[in-house]
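In what follows, a structure is listed as C-alpha cells, so that the remarks can point back to it.
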Amino acid sequence: MVVMGIDAGYGRPGLSVVKFSGDTWDHRKSKLLFSGFFETDRQSDKNTKVAVDDARRIGESCDWMRSKVLEYQPDLVVVEMPLSGAKSALAIKGMAMAAGYTVALLTLMKADLQFKVVYYSPYDTKRVCTGNYHAEKEEMIKVAQETWPDLKFPMKKTRKNGVFTAHPGRSEAMADSLCAILTYVRLNLGKSIL
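This is the structure in C-alpha cells:
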C-alpha cells in the first residue's frame, strides 16, 4: 500500500510517500520512499501582473505534484488542507489557491489512477500527532523525525547574536505532509489496510 501525504501550499507545497506492508495500519511497518517540498518564487514586477505570476506559480506546483503522483502511483492520498482564516488578505488568497489547485488536480487524476483521497485540517493533524491543536512547526518536525528516523530534512544555517545554528529551515511542509499520513494511520491503527 503506497500512501502519499500532501501539505497543500501555494508557495511551498510539501509531499511525502510512504509504503506500508502488512495487513493493518501501523507506521512501524512502513518505509519512507520520498519526502520533499517544491518552492516557487514571486516574479511579478511592474511589467508582470500578479495574476499572471500566480498562474505560473500554480502551474509549476501542479506540474511537480502531478509528476510525483505519476511516479509513485499512490493507493491513498492524504491531504492537509490550509485553513480558510489568516492574518492577511494575501495569506487568505494563497490558502484559497492552494486548496483549489490541490483538490482540482487530485480530482482529475484519481479518475484515471483509482486512488482514494482523504482531507484533514491542520488542527486535525496537530491534535492527532502531538495532542496539541496549536503545535508549532518544531513539534511537527520532531514527530515526523521520530516516526521515520531515516528522514533527512534539508538544514539551513542562520546567525543569531553572532552564533551560527543549523535547523530544518523551511522544511515544515515535509513534516506536515508526513503528519497527514500519520494522522490517517493513527485514526485507523489496527484496522485492515484497504
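Taken in order, the sequence shown gives residues 114 to 307; the numbers are from this note's numbering. Backbone N, C-alpha and C define an ideal beta-carbon position, used for all residues, glycine too. Being a predicted model, the structure only gives us computed values, none of them experimental.
Ranked by how close their Cα comes to the Cα of P267, the residues G124, S134, F150 and L146 have F150 in first place. Three or more pairs of CB atoms, one per stretch, sit closer than 8 angstroms, so the region 216-223 contacts the region 166-179. When T260, A286, D154 and T153 are compared, the shortest CA-CA separation from E249 is found for A286. A straight-line Cα-Cα distance of about 8 angstroms links Y185 and V130. Two segments are said to touch when three or more pairs of C-beta atoms, one from each, lie closer than 8 angstroms; by this definition the region 236-252 does not touch the region 198-217. Taken through DSSP and simplified to helix, strand or coil, E152 comes out as coil.
Here T137 is exposed, its C-beta having fewer than 16 other C-beta atoms within 10 Å. Collapsing the DSSP output to three states places D237 in a helix. Between L226 and M208, the C-beta spacing is not below 9 angstroms. Nearest Cα to L146 within the set W261, P235 and L302: W261. By a beta-carbon distance limit of 8 angstroms, S148 does not contact K132. Their separation comes to about 13 angstroms.
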